[in-house]
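Visitor: In our numbering, the protein residues as written are 2 to 113.
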Amino acid sequence: MTEPIASITLLPATDAVREGAWLQSSLQAWLDREFIPESINATIAQRAAQIYIRQRMEGENDLGSLVIAIVTEMQAFNFQESFFGEFAVANAVSDLILASLGIDNRCCGDRS
Numbered sequence: 002m003t004e005p006i007a008s009i010t011l012l013p014a015t016d017a018v019r020e021g022a023w024l025q026s027s028l029q030a031w032l033d034r035e036f037i038p039e040s041i042n043a044t045i046a047q048r049a050a051q052i053y054i055r056q057r058m059e060g061e062n063d064l065g066s067l068v069i070a071i072v073t074e075m076q077a078f079n080f081q082e083s084f085f086g087e088f089a090v091a092n093a094v095s096d097l098i099l100a101s102l103g104i105d106n107r108c109c110g111d112r113s
């Protein structure tokens, strides 16, 4: 039987706004690279960062819970003008955060 993947707990936020600004910039760059740069990408990145900041300010440190919050809250976002959806955005957020922590998520979540 395989072991469950351990949860990833971030350090408590000391500057959630700065983390959110980094996330917004990184996510927009990722969205622009994945397909084509579109103005909606800035709006998507801003909304995801707002959710992230609020969650971190409320004390959320579990990456999985942050991703679920982004998926849940982004369901209300109108993605009609975009190639993306809430799951792609939340997964990208997770990938960006994992990469910033030096965790290679391409190989079973092993830390590098």
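Every residue, glycine too, gets a C-beta built ideally from N, C-alpha and C.
This one's a predicted model, so the numbers in the text were calculated from it and none came from an experiment.
In terms of alpha-carbon separation, which member of N92, Q81 and A43 lies closest to L67?
Guide: The residue with the shortest Cα to Cα distance from L67 is N92.
Visitor: Can you have a look at R57 and say buried or exposed, based on whether 16 or more other CB atoms are within 10 angstroms of its CB?
Guide: Label assigned to R57: buried.
Visitor: To the nearest angstrom, how far is it from the Cα of P13 to the Cα of N62?
Guide: For P13 and N62, the distance between alpha carbons rounds to 6 Å.
Visitor: Locate the alpha helix (DSSP H) running through N42, then write down its first and last residues.
Guide: S40 to M58 is the span of the alpha helix (DSSP H), which, as asked, contains N42.
Visitor: Starting from D96, trace the alpha helix (DSSP H) both ways and give me its first and last residue.
Guide: It spans E87 to S101 - the alpha helix (DSSP H) in which D96 sits, taken as one unbroken run.
Visitor: Is the stretch 79–91 in contact with the stretch 9–23, if contact means three or more CB pairs nearer than 8 Å?
Guide: The stretch 79–91 vs the stretch 9–23: no contact.
Visitor: Just checking my contact of Q114 with A46 at CB under 8 Å: how many whole Å lie between their CB atoms?
Guide: With the chain covering only 2 through 113, there is no way to say anything about residue 114.
Visitor: For S27 versus L102, is the C-beta spacing smaller than 9 Å?
Guide: For S27 and L102, no; Cβs fall outside 9 Å.
Visitor: Which value, in whole angstroms, describes the spacing of the CA atoms of R55 and V94?
Guide: In a straight line, the C-alpha of R55 is about 15 Å away from that of V94.
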